[in-house]
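In my numbering, the protein residues as written are 180 to 292.
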Amino acid sequence: MGVQLYITRADFWAENEEAKITPEEWLSLIDSDNELTIDLKNGDYHALWSGASSHDEAWLDWNDGNIYTKWPDTQLYRKMSDIAGFLGARVMDDDGNIYSDPSAWEYDPPSTP
180 MGVQLYITRA DFWAENEEAK ITPEEWLSLI DSDNELTIDL KNGDYHALWS GASSHDEAWL
240 DWNDGNIYTK WPDTQLYRKM SDIAGFLGAR VMDDDGNIYS DPSAWEYDPP STP
């Protein structure tokens, strides 16, 4: 179990039928962002982020109209916030809480030795 954050255009991420981010939009964004690369071993829409992160592999994935990750650290959350702005979307957690500014989510796990 863990916290998932979503980039979504919907009022609630799980009810996004009328407000989906298309896979083509996601792939186009990955192609235009030199910090994102597709990681096909984890799926057609799974991307790794090369920015500064506490995680060994900071990742984002697209599924059913939303882009998501689990337990993003502060830096990956800020990247998600930038992506959301570019896509006309917002960042939301499992419960529908919206994170609307760069300092709204802070999580910096200890580094592993």
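C-beta: ideal position from N, C-alpha, C; glycine also. Here the structure is a predicted model, which is why all the values come from computation and not from measurement.
{"Check": "Inter-residue spacing [alpha-carbon to alpha-carbon] between residue 287 and residue 207", "Outcome": "29 Å"}
{"Check": "8 Å contact criterion, which residue 253 and residue 285 should meet: CB distance rounded", "Outcome": "5 Å"}
{"Check": "Assigned exposure category for residue 245 - 16 Cβ within 10 Å defines buried", "Outcome": "buried"}
{"Check": "Given residue 218 as reference, the closest of 241, 182, 191, 255 once Cα atoms are compared", "Outcome": "241"}
{"Check": "Cβ pair residue 271, residue 205 closer than 8 Å", "Outcome": "no"}
{"Check": "Residue 248, buried or exposed, once every other Cβ within 10 Å from all chains shown has been counted against 16", "Outcome": "buried"}
{"Check": "Assigned exposure category for residue 283 - 16 Cβ within 10 Å defines buried", "Outcome": "exposed"}
{"Check": "With 16 other Cβ atoms within 10 Å as the buried cut-off, status of residue 292", "Outcome": "With a pLDDT of 43 at residue 292, under the threshold of 50, the predicted position of this residue should be treated as unreliable, though the coordinate-derived value follows. Exposed, by the Cβ-count rule."}
{"Check": "Burial state of residue 220 (16 or more Cβ within 10 Å)", "Outcome": "exposed"}
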